[in-house]
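The sequence shown lines up with residues 369 to 547 when you count with our numbering. Step one of this worksheet: look at the structure below.
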Amino acid sequence: DVSQAEPRVAAFMGKDKNFMEDYLEGRDVYMMLARQYKPGVDDETLKKKYRKKCKSLILGLHYGMSADTMSHNLDMTIEDTKELMNAYFTRYSSTAAWRQECLDFAKETGYVKTIFGDKLKCDKGRWATQGFNYVLQNGASVAMQAGFFNMDYAAKQLGFQLFPKSVIHDSNQNLINIE
């Protein structure tokens, strides 16, 4: 399983120093956002009350949810939801700017460009939900494919053969022939 695949792609593609440092230092990005949102609150309270909301917000923004939808899903007022969104946009400002570039491009052209420049058409009127999510999903898929190639290469170096069993979104199962 690739933990937090889409947020990791967003950190990389957005060239976001804070986002990448949080991952490279092994920090919990959802707790880091909770600290940004509620500075001075102890970690136990942040974990109990805000970590899950921060996770849902990050994923919701990446999936193209509106503030109204997230407000309902998070059981927060629209004002509190916007405040949490602003905490994300402040902490991860480069990713937020890249997200907006993707959305603007999709709105203007009706499609998005993947990591390798392929064009994915957005459904009519759905640029706001698909404009960023398509790019992230494609990036996560590319990362998974690279992981498969690396696992296969490493297994062969050790004299094993991999037999892919299943691939589901951002995880995979393999059988290894060790005879």
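Note that the Cβ used here is the ideal one computed from N, Cα and C, for glycine as well. On a predicted model such as this, the values are computed, not experimentally measured, just so you know.
- Per the coordinates, the alpha-carbon of Q372 lies some 14 angstroms from the alpha-carbon of L401.
- Beta-bridge analysis with DSSP links K423 to no other residue.
- In the DSSP assignment, V397 falls outside any beta strand (DSSP E) and within the unbroken alpha helix (DSSP H) covering V397 to Y405.
- Restricting attention to I426, D410, A474 and A514, the CA atom closest to the CA of M453 is found in I426.
- In the DSSP annotation of this structure, the continuous segment of the alpha helix (DSSP H) that includes V377 starts and ends at A373 to M381.
- For the stretch 459 to 503, the full-length alpha helix (DSSP H) segments reaching 4 residues or more read 461 to 477 along the chain.
- G428 sits buried, since 16 or more C-beta atoms from the chains shown fall within 10 Å of its C-beta.
- Between the C-alpha atoms of R419 and D411 there is a straight-line separation of about 10 angstroms.
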